[in-house]
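Engineer: Sharing a structure below in structure tokens format, with a few things to ask.
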Amino acid sequence: MTGYSFETIYCEWKPLEGADSYNVYCDGVKVDTELIRNYGSYYRCDILGLKAGEYTIDIIPVDNDEEVQNSKTNFKRETINHIREGFAFVNGTSSGAYNDDGTLKSNARVLYVTNTNKDTITMNVSISKYGPEPITGIQNILTALKKGYEKDPVCIRFIGNITDPATLDKGDLLIDCGEGKFIGGITLEGVGNDATFNGFGLRLKGATNIEIRNLAFMNCDSNEGDNVGLQQDNDHIWVHNCDFFYGDAGSDADQAKGDGALDTKKSTYVTHSFNRFWDCGKVNLQGNGGDTSRFITYHHNYYDHCDSRMPRVREADTLHVYNNFYSGIAKYAIGATEGSSIFAENNYFLNTKYAMLIS
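Each residue of the sequence shown is one higher than the one before, starting from 71 at the first, in the working numbering.
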């Protein structure tokens with residue numbers, strides 16, 4: 071089976087008797103071996119970072135370290151670009167470690183994180199003027215970037231089901247760019263159709279030029295925080311093509327399905343697009359008391375049998391909410407409160423108790 075999605079081509083195939091492994095090539099360029107996974111009854115490869123166009127893919131079995139050319143399979147596929155629009159792409163970019171045409175930046179550093187290596191993965195990071203040092207553990211690597219001595223963009227690719235790393239910050243994986251000290255750009259992305267943060271959340275603080283894509287978030291501990299939270303002083307953030315499931319029940323009465331799925335506070339130039347929210351309770355809180363959030367876009371999101379806050383906006387202004395699909399909403403979808411301003415257009419509401427509320 072073959073297919074494509076935004077800037078990605080994937081293929082699945084059954085094992086060939088006698089093959090030890092496989093090499094995959096895209097237009098003659100060998101694909102990273104981490105992108106080729108064995109699921110027992112089949113293999114899958116996802117080829118990332120492809121700008122719009124047609125590509126030739128070759129799948130070659132390997133036996134005793136030799137490619138078996140007479141058993142090669144090839145096919146052609148086209149791919150399309152992500153839709154990069156909304157405020158995240160005003161006065162800057164939110165493509166992280168990627169160029170805006172979908173290709174990986176030439177100087178980007180790529181890490182592959184699995185549940186097995188999340189605490190042992192090592193990257194050389196410059197943490198002082200004296201040069202790089204080996205940093206171990208995914209949270210420790212992200213923390214080291216905060217110092218600002220590292221200049222290259224970083225692309226972190228998550229593979230499979232990831233449970234809590236040994237080191238987190240208040241229960242979350244934290245991206246903190248030191249309020250602009252690290253400006254190289256970071257992309258966190260899932261590989262394939264099963265990359266999941268299971269049991270912990272992701273939090274952004276003082277971050278700029280961050281892309282989060284193709285990840286699922288589930289079973290987040292509501293006493294620790296949101297599935298994804300933009301907490302303060304963030305700009306040019308793009309969260310897209312992710313799946314958000316409800317979290318563990320929290321202590322508050324309105325946290326039966328967890329706390330926020332994707333909340334944004336004190337941040338600007340943000341786009342949330344093409345995400346699917348599955349049966350979430352409190353979905354998108356936008357702003358809080360004394361908030362300064364502005365220029366936030368929600369477009370092409372699917373709210374699937376959720377309760378409320380899609381988004382709920384407090385004080386924040388200049389929000390554009392368009393082309394979203396709301397289905398089976400138990401309480402309300404879009405809520406404007408405390409002097410906020412929202413431009414909502416071209417949204418579709420199906421079996422929704424209240425499409426919009428103003429308080």
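Cβ coordinates follow ideal geometry from the N, Cα and C atoms, glycine included.
Could you check how far apart the C-beta atoms of residue 146 and residue 130 are, in whole angstroms? I think they sit under 8 Å.
Structural biologist: Contact flag wrong, Cβ pair sits at about 16 Å.
Engineer: Which runs of the beta strand (DSSP E) spanning at least 3 residues fall entirely within the region 205-254, listed in chain order?
Structural biologist: 224-228, 242-246
Engineer: Taking all protein chains shown into account, decide if residue 420 is buried (16 or more other Cβ within 10 angstroms of its Cβ) or exposed.
Structural biologist: Within 10 angstroms of the beta-carbon of residue 420 lie fewer than 16 other beta-carbons, which makes it exposed.
Engineer: Measuring only the C-alpha atoms, how far is residue 234 from residue 216?
Structural biologist: Roughly 21 Å between the two C-alpha positions.
Engineer: Just to confirm before moving on: does the CB-CB distance between residue 78 and residue 149 stay below 8 Å?
Structural biologist: yes
Engineer: Taking Cβ positions only, does residue 133 come closer than 8 Å to chain C?
Structural biologist: Looking for chain C here will not work: only one protein chain is present.
Engineer: Tell me, which residues are paired with residue 66 by DSSP?
Structural biologist: The chain is shown only over 71 to 429; residue 66 falls outside these bounds and no answer can be derived.
Engineer: Can you tell me where the beta strand (DSSP E) holding residue 117 begins and where it ends?
Structural biologist: Run containing residue 117: 113-118, per the beta strand (DSSP E) assignment.
Engineer: For residue 298, tell me which candidate among 105, 168, 414, 332 has the shortest Cα-Cα distance.
Structural biologist: 332
Engineer: Below 8 Å, can you find three or more Cβ-Cβ pairs linking the region 207-222 to the region 114-133?
Structural biologist: Cβ pair count under 8 Å is below three, so no.
Engineer: Does DSSP put residue 89 in a helix, a strand or coil?
Structural biologist: coil
Engineer: Mark residue 434 as exposed unless 16 or more other C-beta atoms lie within 10 angstroms of its C-beta, in which case mark it buried.
Structural biologist: Since the first and last residues shown for the chain are 71 and 429, residue 434 lies out of range.
Engineer: Rounded to whole angstroms, what's the CA-CA distance from residue 293 to residue 321? Just pull it up for me.
Structural biologist: 7 Å
Engineer: Kindly identify the DSSP beta-bridge partner or partners of residue 274.
Structural biologist: 245, 300
Engineer: What are the boundary residues of the beta strand (DSSP E) that includes residue 379?
Structural biologist: Element bounds for residue 379: n/a, residue is neither H nor E.
Engineer: Could you check where the beta strand (DSSP E) with residue 193 kicks off and where it finishes?
Structural biologist: 192-196
Engineer: The beta strand (DSSP E) with residue 144 in it runs from where to where?
Structural biologist: 143-149
Engineer: I need the straight-line Cα distance from residue 382 to residue 397, nearest angstrom please.
Structural biologist: 17 Å
Engineer: In angstroms with no decimal places, state the Cα-to-Cα distance between residue 341 and residue 395.
Structural biologist: Taking the straight line joining both Cα atoms gives about 16 Å.
Engineer: Less than 7 Å between C-beta atoms, sequence neighbours within five positions excluded: which residues of the same chain meet that for residue 180?
Structural biologist: 225, 227
Engineer: Quick one: is residue 144 buried, meaning 16 or more other Cβ sit within 10 Å of its Cβ, or exposed?
Structural biologist: exposed
Engineer: At which residues does the beta strand (DSSP E) containing residue 333 begin and terminate?
Structural biologist: Segment 332-334, the beta strand (DSSP E) holding residue 333.
Engineer: Is any heavy atom in the ligand NAD found nearer than 7 Å to the beta carbon of residue 333?
Structural biologist: As presented, the structure is devoid of all ligands, the ligand NAD included, so that no description of it is given.
Engineer: Is the region 104-120 touching the region 154-165 in the sense that three or more CB pairs, one from each, lie closer than 8 Å?
Structural biologist: no
Engineer: Roughly how many angstroms lie between the CA atoms of residue 262 and residue 229, to the nearest whole one?
Structural biologist: 8 Å
Engineer: Could you tell me how far apart the beta carbons of residue 318 and residue 289 are, in whole angstroms, since I believe they sit closer than 8 Å?
Structural biologist: 6 Å
Engineer: Between 208, 248, 264, which has its C-alpha nearest residue 272's C-alpha?
Structural biologist: Closest option to residue 272, Cα to Cα, is 208.
Engineer: Classify residue 279 as buried or exposed, calling it buried when 16 or more other Cβ atoms lie within 10 Å of its own Cβ.
Structural biologist: Residue 279 is buried by the Cβ-count criterion.
Engineer: Are there 16 or more other CB atoms within 10 angstroms of the CB of residue 200, so buried, or fewer, so exposed?
Structural biologist: exposed
Engineer: Using the C-alpha atoms, what's the distance from residue 303 back to residue 376?
Structural biologist: 28 Å
Engineer: Is residue 100 closer than 8 Å to residue 108 when the C-beta atoms are compared?
Structural biologist: Between residue 108 and residue 100, the gap from beta carbon to beta carbon reaches 8 Å or more.
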